[in-house]
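Below is one structure, written out as structure tokens; the observations come after it.
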Amino acid sequence: MVPPPRRVDLRLVPAVLATWGVAWALTGAAQAWAPPVAVGAALGAVGVGVALGAVTRARRRSRHGAPALPAATPAAVPAAMPAAIAPDIRPDAPDTVPSRAPRGARGSRGARWAGGRRAVAVHAVLVLACVAAVALGVHAQAARQAPLRALSGQGAHAELVGRVASEARPAVFGTGDRWVLAVRQVAARGVAVPTAGLVEITADGPVPRFGSTVVVSGVLRPVSGGDGPLARLAASDPVAERAPPSALLRGTHTMRSALLDVTEPLSPQARGLVPGVAVGDTSRVPDTVDEAMRVTSLTHVTAVSGGHFAIVVAALTALCALARAPRTVRVVVVAAVAAAFVLLVRPEPSVLRAAWTCAAALLGLALGRPSAGAPALAAAATVLLVVDPWLARSFGFVLSCAATAGLVLLAGPLARRLTPWTGRPLAFALAVPWAAQAACGPVLLLIDPHVPLMSVPANLLATPALVPATVLGLVATLLAPWAPGLALPVAWLAGTATGWIAVVAQTFAAVPGARLPWPGGAGGVAALALLTLAGLALVLRRPPGEGWRREWREAVPRVVRRARGQVRRTTARHGRARTAAVAGLAGLALLAVVVVMVPRLAGAGHRVPADWQVAACDVGQGDSLAVRTGPESAVVVDVGPDGEAAGRCLDRLGVTTVDLLVLSHFHADHVGGLAAVLRGRAVTDALVSPLDQPEGQAASARSQLDAAGVPVHVAAAGDGGSAGSATWQVLGASGASRAGGSGGGDEGDGANDASVAVELRTAGGLDVVALGDLEEPGQEALVADLAASGRSADVDVVKMAHHGSRSQSAALARHLSPRVTLVSVGADNTYGHPTDDALSLYASVGSALVRTDECGTAALVGRGDEIGLACG
Numbered sequence: 001m002v003p004p005p006r007r008v009d010l011r012l013v014p015a016v017l018a019t020w021g022v023a024w025a026l027t028g029a030a031q032a033w034a035p036p037v038a039v040g041a042a043l044g045a046v047g048v049g050v051a052l053g054a055v056t057r058a059r060r061r062s063r064h065g066a067p068a069l070p071a072a073t074p075a076a077v078p079a080a081m082p083a084a085i086a087p088d089i090r091p092d093a094p095d096t097v098p099s100r101a102p103r104g105a106r107g108s109r110g111a112r113w114a115g116g117r118r119a120v121a122v123h124a125v126l127v128l129a130c131v132a133a134v135a136l137g138v139h140a141q142a143a144r145q146a147p148l149r150a151l152s153g154q155g156a157h158a159e160l161v162g163r164v165a166s167e168a169r170p171a172v173f174g175t176g177d178r179w180v181l182a183v184r185q186v187a188a189r190g191v192a193v194p195t196a197g198l199v200e201i202t203a204d205g206p207v208p209r210f211g212s213t214v215v216v217s218g219v220l221r222p223v224s225g226g227d228g229p230l231a232r233l234a235a236s237d238p239v240a241e242r243a244p245p246s247a248l249l250r251g252t253h254t255m256r257s258a259l260l261d262v263t264e265p266l267s268p269q270a271r272g273l274v275p276g277v278a279v280g281d282t283s284r285v286p287d288t289v290d291e292a293m294r295v296t297s298l299t300h301v302t303a304v305s306g307g308h309f310a311i312v313v314a315a316l317t318a319l320c321a322l323a324r325a326p327r328t329v330r331v332v333v334v335a336a337v338a339a340a341f342v343l344l345v346r347p348e349p350s351v352l353r354a355a356w357t358c359a360a361a362l363l364g365l366a367l368g369r370p371s372a373g374a375p376a377l378a379a380a381a382t383v384l385l386v387v388d389p390w391l392a393r394s395f396g397f398v399l400s401c402a403a404t405a406g407l408v409l410l411a412g413p414l415a416r417r418l419t420p421w422t423g424r425p426l427a428f429a430l431a432v433p434w435a436a437q438a439a440c441g442p443v444l445l446l447i448d449p450h451v452p453l454m455s456v457p458a459n460l461l462a463t464p465a466l467v468p469a470t471v472l473g474l475v476a477t478l479l480a481p482w483a484p485g486l487a488l489p490v491a492w493l494a495g496t497a498t499g500w501i502a503v504v505a506q507t508f509a510a511v512p513g514a515r516l517p518w519p520g521g522a523g524g525v526a527a528l529a530l531l532t533l534a535g536l537a538l539v540l541r542r543p544p545g546e547g548w549r550r551e552w553r554e555a556v557p558r559v560v561r562r563a564r565g566q567v568r569r570t571t572a573r574h575g576r577a578r579t580a581a582v583a584g585l586a587g588l589a590l591l592a593v594v595v596v597m598v599p600r601l602a603g604a605g606h607r608v609p610a611d612w613q614v615a616a617c618d619v620g621q622g623d624s625l626a627v628r629t630g631p632e633s634a635v636v637v638d639v640g641p642d643g644e645a646a647g648r649c650l651d652r653l654g655v656t657t658v659d660l661l662v663l664s665h666f667h668a669d670h671v672g673g674l675a676a677v678l679r680g681r682a683v684t685d686a687l688v689s690p691l692d693q694p695e696g697q698a699a700s701a702r703s704q705l706d707a708a709g710v711p712v713h714v715a716a717a718g719d720g721g722s723a724g725s726a727t728w729q730v731l732g733a734s735g736a737s738r739a740g741g742s743g744g745g746d747e748g749d750g751a752n753d754a755s756v757a758v759e760l761r762t763a764g765g766l767d768v769v770a771l772g773d774l775e776e777p778g779q780e781a782l783v784a785d786l787a788a789s790g791r792s793a794d795v796d797v798v799k800m801a802h803h804g805s806r807s808q809s810a811a812l813a814r815h816l817s818p819r820v821t822l823v824s825v826g827a828d829n830t831y832g833h834p835t836d837d838a839l840s841l842y843a844s845v846g847s848a849l850v851r852t853d854e855c856g857t858a859a860l861v862g863r864g865d866e867i868g869l870a871c872g
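With the first letter of the sequence shown counted as 1, position 636 gets the number 636 in UniProt numbering; the numbers rise by one all the way through.
Structure below.
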């Protein structure tokens, strides 16, 4: 039997939406408006509250002849708000908004109108109070952050004192680790001042424990964006621990470390996923599994959030029920364990959202009122935004709230519509991932401009394994410090469940078309939101019934006849307005599909191989090289001239994440296309030339990277690290000594010999060397360094220096002896590139020459001992 629909309590929605909107605006460019907004909203709340009290007092006096109550004061308004907002919080109160009384039982029209006005006034007080609180929070936090922001903007050397606020991750550059410090004091130029803010620390040596108080010094650098650390610091001295973590945090650290030790003998997926599912530690998840989970929208498995809290709370509730514990004991036990769970998995934004939602639900249970999802979510989000307004810009927090809202508002109605077709269990199994994807899809486009077509089926099959994986993983976590011998088989059982999740993720990620390319930005978000609304309107508008089940089983002609009759009945019953609205939505959805897909299909004539490893993009007279680091990620070396060519090339290659962006030097034909590459793609880090010439182009590139929130590092010979599944190392970047030493004339200037020369090695084993625009003197210096170190002899692929100009080093060509030489050059260019001498030089060492002016975008595939080429 299909459960009847319940009305959803949306009374707190206006407050949370207003709080979120104001927080988002004030933490951005409008931060200076925080004080007047706070004062105005507070005065408005007091004014509306006083007016509401006066009207209520006057109505009571006129109705009962009772003496007037004392005048309402501003201090009395907050105290009266809980009773006014939620008068039905009592043991026998319903969970939903009270239904309207029968017509005969209603009061006069004037009374109903007065009641409606009072409700609006109460909501106005609540909204204005929340706006005032969040504006005051922005102003207070901005004042506390001011010293840290000022010093980071000046690039000052500072000593920071604070608490370690995250687990460590491997640094992108070098061999150190990076972690987040919640700073409480900064000292610079002999003056120490209190401050507040998050700083990303990169340091070598032992990793400090989460929650410990440490002292670290180094040069502060600013970070753009408002949803994370506001500065970064590379430690110049060893990190000193001033105070250890609390005893409770030390206990959680012991459990996390013991779990990693226990899972060490397991398979690679279990070694990474069991700690990820249990405590949110994703440091050992294999890159292939991690990418497959991202493609299939299964990253929530290791991103601890509401689902994990629901599993923990359900397990505890079941145990308390078996023990016949009273309600008060249940609430206390669940609250204590939930708080400990937050510390165990670390208080990330999604974890905090889930914890506060759980707290709101527990409050309802303690008061004897059944929990309601929408009010609990709205209350939790409002409280967190008031405490930390910068959460409004956190994608993790936004996605967590959106997914929960989708489940609360859509899962039930979708399940009721699907039940006549599939039966109730399968209907709910389908409705949950469908509702979450519908709510999160438009937000995810801002991070990754693709629509995961395999999300719903992958989640349908994988999510059931999350319950045993989480429960068994947590049991193994509790046992690991005290009984590792018992914890190992439990972790192995959890690994069988995570193995199923990994198999599902990798299987569906390999399906052709698993992710549909979609335009990024506001236009793409609006198009997907419109399609989603149209689909939901078409699915939810028809009432369920046995007729649907019969239609499912009958022949197509009968289905068509019944559908035709249904259209006639719908038109007659609801009039033309509703039908026209649905038809309009369907038409707009079709138009959105056409607008999105036609350009994609028009450019589908030439396709790159699915297993490409290296690609020289056809950007005209310029350079842009992509080296694959994952299914949808790459290292990108240079971005070509001004225009969309580099961006379109990366779109064709399916690159949505740039693990490392290398700008070899700042000439326009190497950095002009930066805007197109940054648009709709996540760029993890950027590596740039040490010589900021030409100054205007260097300043423009740095400004764009800063605006996109991309950390920028100046290259130095010997720098290296990993980027996804690839590794990289800077072979040469001595721009200061080479500046002015180039060939001059029409072949270049000092900036050319300041080019960053980088070597990359793909997961498939291809060695790639990109030479930027090095002139012959720079190449001679590089080959001398390489010969002295014994590196980079007989590589697989070389990107020829300076588009094949005449200024080439024969010694470097012989030393590298590449199997394939890529020449990035524009057709019919006026520079005479590539020159015959340059082509003959590399041909003489046995290298196959591939030119982008003849081949177009050249994609290379390493297959055994052979290198395949695809042009297009």
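C-beta: ideal position from N, C-alpha, C; glycine also.
Indicate whether the contact test is met: 3 or more Cβ pairs, each with one atom in the stretch 720-727 and one in the stretch 687-706, closer than 8 Å.
-> no
Counting only the same chain and skipping the five closest in sequence on each side, list residues whose C-beta sits under 6 Å from that of A203.
-> G176, A235, V239
Does the Cβ-Cβ distance between P690 and A716 come in under 9 Å?
-> yes
For A841, is the classification buried or exposed, using 16 other Cβ atoms within 10 angstroms of its Cβ as the cut-off for buried?
-> Here residue 841 turns out to be Leu, not Ala, going by the sequence shown. Buried is the call here.
How should D685 be labelled, buried or exposed, when 16 other C-beta atoms within 10 angstroms of its C-beta is the threshold for buried?
-> buried
Determine contact between the stretch 395-412 and the stretch 138-151, defined as no fewer than three beta-carbon pairs at a distance below 8 Å.
-> no
E159 versus A168 - alpha carbon distance | 20 Å
At what residues does the alpha helix (DSSP H) containing T357 begin and finish?
-> 349-366
State yes or no: is the C-beta of P641 within less than 9 Å of the C-beta of G672?
-> yes
For W113, count neighbouring Cβ atoms within 10 angstroms of its own Cβ and tell me buried if that reaches 16, exposed if not.
-> Note that W113 scores a pLDDT of 43, beneath 50, so its modelled location is shaky and nothing firm can be said.
Nearest residue (CA-CA) to Q437, options A682, L486, P457, V13 = P457
Out of G732, V798, T470, state which residue places its alpha-carbon closest to the alpha-carbon of G778.
-> G732
CB of L687 within 9 Å of CB of V730, strictly = yes
CB of V662 within 9 Å of CB of V797, strictly | no
Looking at A15 and C130, is the spacing between their C-beta atoms short of 9 Å?
-> yes
Chain C within 9 Å of V131, Cβ atoms only | In the structure shown, chain C cannot be found, because there is only a single protein chain.
Mark Q621 as exposed unless 16 or more other C-beta atoms lie within 10 angstroms of its C-beta, in which case mark it buried.
-> buried
Quick one: Cα of F210 to Cα of I201, how far?
-> 13 Å
In chain order, what residues of the same chain have a beta carbon less than 6 Å from the beta carbon of A838, not counting five sequence neighbours either side?
-> G804, Q808
Pick from G523, A379, G137: whose alpha carbon is nearest that of W24?
-> G137
Helix, strand or coil for R221, going by three-state DSSP, please let me know.
-> strand
W728 - DSSP class collapsed to helix/strand/coil = strand
Between W548 and T422, what straight-line distance do the alpha-carbon atoms span, to the nearest angstrom?
-> A caution first: W548 carries a pLDDT of 46, below 50, which makes its placement in the model too unreliable to give a value.
Can we say the stretch 181-196 touches the stretch 152-166, given the rule of at least three CB pairs closer than 8 Å?
-> yes
Looking at A303 and residue 887, is the spacing between their C-beta atoms short of 9 Å?
-> Residue coverage of the chain in this structure runs from 1 to 872, which leaves residue 887 outside it and unanswerable.
In this structure, does DSSP put G280 in helix, strand or coil?
-> coil
Consult DSSP for W552 and reduce its assignment to one of helix, strand or coil.
-> Since pLDDT at W552 reaches only 46, below the 50 mark, its modelled position is unreliable, and no value is offered.
Residues near A42 by beta carbon distance below 6 Å, same chain, minus five either side | A132
With 16 other CB atoms within 10 Å as the buried threshold, where does L198 fall?
-> buried
Where do the ends of the beta strand (DSSP E) carrying G720 lie?
-> 720-723
Supposed close pair V337, V312 - CB separation, criterion 8 Å | 7 Å
L536 lies in the alpha helix (DSSP H); which residues open and close that run?
-> 521-540
Output yes or no for whether 9 Å exceeds the beta carbon distance between V658 and R681.
-> yes
Could you spell out the range, first to last residue, of the beta strand (DSSP E) harbouring H450?
-> 450-452
Backbone CA spacing between W482 and G251 [nearest angstrom] = 12 Å
Endpoints, the alpha helix (DSSP H) within which D177 is located = Not the alpha helix (DSSP H): D177 falls in the beta strand (DSSP E), residues 177-188.
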